[in-house]
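*Asks:* I'd like to ask some things about the structure below.
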Amino acid sequence: MDIRKVFGAYVRVYRLAAGLSQEAVAARMGVDRAYVSALERGLQNVTLLTILQLAESLNVRPADLLVEPVQKSRS
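For the sequence shown, the residue numbers in full-length UniProt numbering are 1 to 75.
Right, dumping it as structure tokens:
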């Protein structure tokens, strides 16, 4: 298991749930869209500051980006 890929997948899940594009998240973080893309693909090692910026941009807790998102059941 590559934690960078797992983290990136969670970032993508929360980004899509928030209805945000990579461009919108990048603008909120003050980074390039390509950086957000690389994060989501697990190509970047992130710092604690990056985790905090992402969480603030996605309106989630930093810990949410490190654990599996809760899946809503379809009824």
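Ideal placement from N, C-alpha and C gives every residue a C-beta, glycine not left out.
#1: If you count every other CB in all the chains shown that lies within 10 Å of the CB of Arg15, and 16 or more means buried, which is it?
#2: Report yes or no: do three or more beta-carbon pairs, one from the segment 41-61 and one from the segment 4-12, lie closer than 8 Å?
#3: Return the first residue and the last residue of the alpha helix (DSSP H) that Arg15 is part of.
#4: From Ala18 to Val60, what does the alpha carbon distance come to, in whole angstroms?
#5: Quick one: residues in its chain with C-beta nearer than 7 Å to the C-beta of Ala63, no 5 flanking neighbours on either side, listed in chain order?
*Replies:* According to the structure data:
#1: Taking the sequence shown and counting its residues from 1, the one referred to as residue 15 is at position 15. Burial state of Arg15 is buried, judged by a 10 Å Cβ sphere holding 16 or more other Cβ atoms.
#2: The segment 41-61 is in contact with the segment 4-12.
#3: To locate residue 15, count along the sequence shown from 1; it is residue 15. Note, Arg15: alpha helix (DSSP H), Ile3 to Ala17.
#4: Here residue 18 refers to the residue found at position 18 when the sequence shown is read from its first residue. Here residue 60 refers to the residue found at position 60 when the sequence shown is read from its first residue. Annotation: Ala18 to Val60 spans about 10 Å, alpha carbon to alpha carbon.
#5: Reading the sequence shown from its first residue, position 63 is the one you call residue 63. Nothing meets the Cβ criterion.
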